[in-house]
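Here the structure comes first, spelled out in structure tokens, and everything after it is commentary.
In this note's numbering, the protein residues as written are 657 to 1217.
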């Protein structure tokens, strides 16, 4: 046998006996063995072990080894501590285990409070998540008060969402009177806390009778609201299921039927005439008032055309602002004819994030110059349709895979699906040989007024080009070639905006739906991301390009003051 071979090759090289350590440490729970401190809670005595308590909690570390008076005491009294909850907490300290299913809500809240005091953050998070999944109309007020007191934002948010959705049941439950004045005001001041005003008033009167000492602390003026909206996250409420209907516009039946695929020049859309002064536009009446922040629309797009429009929302068809029961879409321009044609319409409240510039325009973090995002080439020549925007940066040769224009005549122009706030562009010049190009790039919001963002007309350029510039609102991009060292044609293989970098963490998915969003408080359209595979939609009050599945998502902040 070779001396270099292991004695027993089947013997594991790593020993994992952590479970035995945990069992041995856990056996010290409530054990007098090796105990060097006694914790007294409400008259009951609990043997403890200083080093273990200090290693598990910064609170106990400071108390037992921080030079405080308790550092030299063999007995420590913990005042204002519920003994039942403390016993469960101490068990968790020694064993790392705690079964929550059999505990009452009151006990769970007490343990949560102790976990916050003694700094057991993992336990605090675990109990919060358990409470989130077990909310009901009887415990939600109590839990919300506690979450607010101990600054637990996730638990607070979950409570508020539950309260919004079950507003009537919550105000009818006796636990509503247990709310603190601050919590009461926070709840009833929300637009999304949607119950009949008379029921809310009666609930507040009932609360006031149960809390007479706190009544004067509430400002009634701060609590006045004109309207409230029901909140149903991530659910399209502009459907027949929710009793929505189209009350103005031609061919009303098509808009809310849920079919966004089967339409042509004669059917499958709702429309209104742009040039008629008495025209009301297209008006959708929701089944009840809702809190919304996302509108998704599909403009008719069986051929290339551009639209302009604006959107208003109202509760009474008189004040077109903020809280939503009626939605009016008014077309102002169609590059093809005098009809504004809308294929589908959806309305949501979404919690998906988005980023806006100071004007309320969406700042995209992935490439929006793609066909699924409704971008299109409106000027330039190519043997392969959509070669410039199809995302293929490798498959091109002398005959195909690029878009071009004659030097001294024309340009390559791209129209995005909607306006975006952009500060970078990337493109790839044709580079199958060693030639050089020169060019410049301009951007525009309206296809009339152009700003130059890059001038490389006197620079030798080849292959990949990255262009950065101060952020601008962009709907159109124009690339003008000025020189080719081989011939009189300017060739571009690929175009994207914003510039995508692997290090930026941007999403280059070409799937999704283009979208736009409307800021109701500012009256200006804003664009937002709607998901990893969703896009941004464009309700800018100017053009939106035609393209396949040209859907638009319009977001706004319904809860803004």
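A virtual CB, placed ideally from N, CA and C, is assigned to each residue, including glycine.
In this chain, the beta strand (DSSP E) harbouring residue 1114 covers 1106-1117. A straight-line Cα-Cα distance of about 11 Å links residue 924 and residue 955.
Boundaries around residue 747 are those of the alpha helix (DSSP H), 739-751, since no beta strand (DSSP E) includes it. In summary, residue 1006 is buried, with 16 or more beta-carbon neighbours lying within 10 Å of its beta-carbon over all protein chains present.
For residue 818, the uninterrupted alpha helix (DSSP H) run begins and ends at 809-821, by DSSP. Within the same chain, 928, 936, 937, 938, 939 and 984 come within 8 Å of residue 904 by CB-CB distance, once the 5 residues on both sides are set aside.
Exposure of residue 1108 is indicated by the presence of fewer than 16 other C-beta atoms within 10 angstroms of its C-beta.
Here the C-alpha atom of residue 827 lies approximately 18 Å from the C-alpha atom of residue 802. Residue 1121 has its alpha-carbon roughly 15 Å from the corresponding atom of residue 1138. Close CB contacts of residue 1027 within its chain, under the 6 Å cut and outside five residues either way in sequence, are with 1042 and 1045 (chain order). The Cβ-Cβ distance between residue 947 and residue 886 falls below 8 Å. Here residue 753 has no same chain residue with a Cβ atom under 7 Å from its own Cβ, once five neighbours each way along the sequence are excluded. Rounded to the nearest whole angstrom, the C-alpha separation of residue 997 and residue 912 is 14 Å.
Within the DSSP secondary-structure output, residue 1137 pairs in a beta bridge with 1095.
The beta-bridge partner set that DSSP reports for residue 928 consists of 996. Setting aside the 5 residues that flank it on each side, residue 1131 is surrounded in the same chain by 1072, 1075 and 1101, each with a C-beta closer than 6 Å to its C-beta; the list follows chain order. Nearest to residue 1135 by alpha-carbon distance, out of 1146, 1127 and 1129, is 1146. For the pair of segments examined, the segment 765-773 was found not to touch the segment 695-705: the number of CB pairs separated by less than 8 Å stays below three. In this structure, residue 1084 and residue 1049 form a Cβ contact; the two beta carbons are roughly 6 Å apart against a cut-off of 8 Å. Between residue 727 and residue 775, the CB-CB gap reaches or exceeds 8 Å. When rounded, the separation of the alpha-carbon atoms in residue 962 and residue 922 is 19 Å.
Beta-bridge analysis with DSSP links residue 1145 to 1062. Between residue 1017 and residue 1067, the gap from beta carbon to beta carbon reaches 8 Å or more.
Under the Cβ criterion (8 Å, minimum of three pairs), the segment 1080-1096 counts as touching the segment 1051-1059.
Residue 686 and residue 748 have their C-alpha atoms roughly 12 Å apart. A buried status is given to residue 1010, since no fewer than 16 other beta-carbon atoms sit within 10 Å of its beta-carbon. Counting every other CB atom within 10 Å of its CB across the protein chains shown gives residue 868 a total below 16, marking it as exposed. Judged by their CB atoms, residue 1019 and residue 1081 are not nearer to each other than the 8 Å cut-off. Looking from the CA of residue 1119, the closest CA among 892, 1029, 772 and 1149 belongs to 1149. Excluding the 5 residues flanking it on each side, residue 730 has same chain C-beta neighbours closer than 8 Å at 692, 693 and 694, in chain order. Annotation: the continuous beta strand (DSSP E) that includes residue 969 extends over 962-970.
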